[in-house]
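Going by the working numbering, the residue at position 144 of the sequence shown is 155; the numbering climbs one at a time, nothing skipped.
Ideal placement from N, C-alpha and C gives every residue a C-beta, glycine not left out.
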Amino acid sequence: MKNTYKYINSNDLIQNLTFKYVETYSLQRGEKYYTEFTIAEKDLNTLEKRKSKKNDLNPESEQRLLKLKEIVNYTQYLIDKNGAFHSSSVKMNTFDNSDKETKQIISILKNPILNKMDWMCAPKYRDGIVFYGDNDKIVLSLNICLSCEYMQLDNETFVDADTKTYEEFRKFFIEIGHNVEKK
């Protein structure tokens, strides 16, 4: 199987991006999310055990098993491949492209890459920025994991950035009301 991953520098990404406004989102956080995730994890384990021992799942249970595997075992993005926002996502802010907050986002993404960490953990995207163009059409969705210091546009495109970028995004998100976890 051929690796289809693509990598783009955060500075190149923002330099070539034309948009009218941005929205910031928080996702995969909060008591309700963690309760639902714990239930999904338990249901997945139960169905997997049943399938491995008895192999008697009906078509509905097989579908549920596939959906639970997707939720529990795979990286979750702000916007999925069908264009739907994550069920846990909460829109936090909207900023016009001329607002100081948007200029701050641009400045953060323009940080030169001098020190880049490559953690061995899987990212859990809890913050995101959606860039909109004409007619409120999504131009780009940026998924950000402050814990693992990863950014992705989708399941194939990673955004390389300096460690300073993540430090500045952490401060920025806290300033604009995201419930960012402490490092």
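Scan the segment 104–147 and note each continuous alpha helix (DSSP H) run of 4 residues or more that stays entirely inside, going in chain order.
-> As far as the segment 104–147 is concerned, its whole alpha helix (DSSP H) runs of at least 4 residues are 111–120.
Of all the CB atoms in chain D, is at least one closer than 8 Å to the CB of P70?
-> Included in the structure is just one protein chain, with no chain D present.
Under 8 Å, do D138 and H189 count as touching if we go by C-beta distance?
-> yes
To the nearest angstrom, report how far apart T174 and L28 are at their CA atoms.
-> 22 Å
Helix, strand or coil for D82, going by three-state DSSP, please let me know.
-> What sits at residue 82 in the sequence shown is Ile, not Asp. Taken through DSSP and simplified to helix, strand or coil, I82 comes out as helix.
Integer-rounded CB distance, given that M103 should sit under 8 Å from I185 = The Cβ separation is near 11 Å, so there is no contact.
Per-residue DSSP class, three states only, for L77 | helix
Beta strand (DSSP E) containing K92: first to last residue?
-> From DSSP, K92 is part of no beta strand (DSSP E); its letter is neither H nor E.
Report the rounded CA-to-CA distance for T46 versus S99, giving the unit in angstroms.
-> 12 Å
Pair within 8 Å by beta-carbon distance, F180 and Y18 | no
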